DNA sequence: GTGTAATGCTATTGG
DNA sequence: AGCATTACAC
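Residue numbers (the working numbering): 1331 to 2132.
See below:
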């Protein structure tokens, strides 16, 4: 493999790898070997003499970065690969910001707030300002602030922008600007950055500190960005700035797989790329090596329904494989049972391993039915996403102590732990402290630390309690430099009282919480014992940078980096808790490492979003129902619907051998039974790729065997649980008289030339018919919507005239 | 201030 | 259905 890596590439891939200098854009269809090209390109850069310290590779997940690093290591050797700058935007720039934080007025040990932390801070601000959190919902306030930051609009600019003010007034949220300013101010005072700040502040750094800009421009002579279609404006500007000196920028993406616009990602970045770098080389990877012909064909027919897309012809030389099976079940639980049974069967018949299976869904809430069914079948599984380990209450509690020891001013952590375990400092006391802090525009910690100087009407007992708390935190802080991560972590767990509190709780939940704390402490121990590796890494970095003669100009620019290393050296010999906490907020479950083969050999459950970039032999896409997938939030806007369709495209193209689609006619939502109709996406797949035997007459007979059931159906308007939201009510009701009530039989005699009506496409004329009723399809030309292929079973056509 | 019972809200998607 | 916040009794 070592020398022949170029031979493993097809001609286009090879060109993309060998073209090293200048801007490059790789448009890669699903399964076209994008990761391989990226990996080999980096390896090739290094083989060509580029120093790994000068290569920056930005990936979508930390896991992707780690895997890519491992693959590169196999080509160029581990020692070299280790020195690559590789990770997510957030983790790479968090690392850079730590060494540059003072330039921005932040402490180097700033805290990273996750979404929960951010929402809590917003809630606090709303309460202090007497604003109604029903109008200013913390989640949507945060989303609005997030969108502003991702478009590089600072709080002050936001508050002073007439157009934005008008927008917020129209949305009945005139105070948004004030909230944003308060939020930014509080984060700053707490020495905290939220996820968006990591990118926003990197932009500030590069904009306002020319020396820093120059330094990183010369440090990152070669930049690669994976999943470029899912980058936002803030990320775009960072990359543009960093690449401005050398213009060695390579981006890889697929517009058809752009699924993160809700997070500010914009396809505009791909379009801008051609404008910014007119001299660029473009490579299109169109041959799919992952999936069967049926899967590729089906995916292509789905995405063809989108108007907005770059022209691409994804094809494969793989075998046809099996048809995509569509399965109808009558409840979410039976959908789970079907999937679990099917996995069990395939495992037996085809000797497949658990890890070859994935169950993909639109929303996390759908995992439960799947989990229960898999557990009944004794099939080991693993859920990705959802509540991560680090977001569990007990873990966040303990981490809050760690965070506060490292950064005393972190107010979210402070509020979390000041009275947990209970130590008699209640809400009224905290409120008084908050008022004092706001009055003096200082952090809560500064008030607490000097609580006896603030006359805010606390009685002497409370005063002592607050003072004791401050003393405790200070004692933890003092140990940061004298104790290693594990010793201090353990010490805090004991002396904070958390361990005792959880140990006292003998309920199963309490026991489980205690176990989770133990697991965290074990992780800490492992981290601490690896200190040699960390030290070596530091040493490696020193040696490598010293031995490699830099050009004189860039050597001058590297003075700051030297400082970094001296400070790292001071931390020896112990691995500090500070080091452990560096980017823990950025870790997700998908980033777990050190797993045994047994850990890995499990069926994967995840949202389709989380499945991006992954591949599996057998893929189940469940919950293919209107209002769920596509999500009801996407139905009013073509742009949103097209993103849902791309999501479906991503889901299908995860599979190598087999795709199974399922939908259920009923489903529990918020504890209420809701009736569902099959997703429009099913009928968007050309029928030649589908196996509809499991949705056929059998299912219809079932309906007819139990006419009482459908009667109850129509008589139950109260299954809509929130009539306040009129929009939803109408839609759910509409869903109730779905396929089950539709008389497919009336279309038995549908023929070419007939006029038909379709609920979405309107009037049309049948051009051709294919297949045997009821598993047949009709090609219809609609006056308004053009030519469509429709599955008779799903399309709900009505015959207008012969 | 603390602990438990009742209430009410939630479920797109995520670093 | 499950979780978080709130209300209320101690």
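The C-beta atom is built at its ideal place from N, Cα and C for all residues, glycine as well. Every value quoted in this text rests on a predicted model; they were computed, and no experiment measured them.
Problem set entry | Reference residue 1953; option with closest CA among 2087, 1797, 1691 and 1963 | 1691
Exercise. Taking the Cβ atom as the reference point for each residue, do residue 1338 and residue 1366 lie within a distance shorter than 9 Å?
Worked result: yes
For this session: Taking only the alpha-carbon atoms, compute the straight-line gap between residue 1927 and residue 1397 and give it to the nearest angstrom.
Result: 15 Å
Exercise. In three-state DSSP terms, what is residue 1775?
Worked result: helix
Problem set entry | Candidates 1962, 1850 and 1812, of which the one nearest residue 1720 by Cα | 1850
For this session: Return the CA-CA distance between residue 1664 and residue 1431, expressed in angstroms with no decimal places.
Result: 54 Å
Exercise. Among all the DSSP beta bridges, which residues are the ones paired with residue 1939?
Worked result: Beta-bridge pairing links residue 1939 to no other residue.
For this session: Tell me whether residue 1786 sits in a helix, a strand or coil according to DSSP, three-state version.
Result: coil
Exercise. Quick one, which of 1492, 1436, 1455 and 1570 has its alpha-carbon nearest residue 1518's?
Worked result: 1436
Exercise. Which one or two residues does DSSP pair with residue 1711 in a beta bridge?
Worked result: 1933
Exercise. Taking the alpha-carbon positions, what's the residue 2140 to residue 1614 distance?
Worked result: Because the chain in this structure spans residues 1331 to 2132, residue 2140 falls outside the shown range and cannot be described.
Problem set entry | Residue closest to residue 2131, alpha-carbon to alpha-carbon, out of 2107, 2093 and 2117 | 2093
For this session: Please determine, among 2024, 1383, 1970 and 1949, the residue with the shortest C-alpha to C-alpha distance to residue 1676.
Result: 1949
For this session: Note down, in chain order, each residue of its chain lying with its Cβ closer than 7 Å to the Cβ of residue 1753, except the 5 sequence neighbours on either side.
Result: 1795 and 1799
Problem set entry | Beta-carbon separation (whole angstroms), residue 1530 vs residue 1479, contact threshold 8 Å | 5 Å
For this session: Thinking residue 1632 and residue 1978 are a contact (beta carbons under 8 Å), I'd like their distance in whole angstroms, please.
Result: 6 Å
Exercise. For the beta strand (DSSP E) that residue 1991 lies in, which residues bound it at each end?
Worked result: 1985-1994
For this session: Would you kindly work out how many angstroms separate the C-alpha atoms of residue 1847 and residue 1604, rounded to a whole number?
Result: 50 Å
Exercise. Does the count of Cβ pairs from the segment 1772-1791 and the segment 1799-1808 closer than 8 Å reach three?
Worked result: yes
Exercise. Got a sec? Which residues, its chain only, sit under 6 Å from residue 1809 by beta carbon, not counting five neighbours each side?
Worked result: 1818
Exercise. Does the distance from the C-beta atom of residue 1520 to that of residue 1739 stay below 9 Å?
Worked result: yes
Problem set entry | Span separating the alpha-carbon of residue 1679 from that of residue 1689 | 19 Å
Exercise. Measuring CB to CB, does residue 1994 end up less than 9 Å from residue 1974?
Worked result: no
Exercise. Residue 2006 and residue 1996 look like a contact to me (Cβ under 8 Å); what is the Cβ gap, rounded to whole Å?
Worked result: 6 Å
Exercise. Based on Cα-Cα distance, which residue from 1438, 1746, 1652 and 1945 lies nearest to residue 1726?
Worked result: 1746
Exercise. Taking the C-alpha atoms as reference points, what is the distance between residue 1711 and residue 1373?
Worked result: 34 Å
Exercise. Rounded C-beta distance between residue 1834 and residue 1910? I'm assuming under 8 Å.
Worked result: In fact, because the Cβ distance is near 27 Å, the residues do not count as touching under 8 Å.
Exercise. Can you round the beta-carbon distance between residue 2074 and residue 2104 to whole angstroms, since I take them to be within the 8 Å contact cut?
Worked result: 5 Å
Exercise. Under 9 Å between the Cβ atoms of residue 1589 and residue 1968?
Worked result: no
Problem set entry | residue 1997, DSSP secondary structure in three states | strand
Exercise. What residue range is occupied by the uninterrupted beta strand (DSSP E) comprising residue 1517?
Worked result: First-last for residue 1517: 1506-1519, but that is the alpha helix (DSSP H), not the beta strand (DSSP E).
For this session: Could you tell me the boundaries of the beta strand (DSSP E) in which residue 2093 lies?
Result: 2092-2100
Exercise. Apart from the five residues on each side of it in sequence, which residues of its chain come closer than 8 Å, Cβ to Cβ, to residue 1610?
Worked result: 1352, 1353, 1354, 1355, 1603 and 1604
Problem set entry | Span of the alpha helix (DSSP H), counted from its first residue to its last, around residue 1430 | 1419-1430
For this session: Tell me whether residue 1905 sits in a helix, a strand or coil according to DSSP, three-state version.
Result: coil
Exercise. The alpha helix (DSSP H) with residue 2088 in it runs from where to where?
Worked result: Residue 2088 -> not in any alpha helix (DSSP H); beta strand (DSSP E) instead, spanning 2085-2088.
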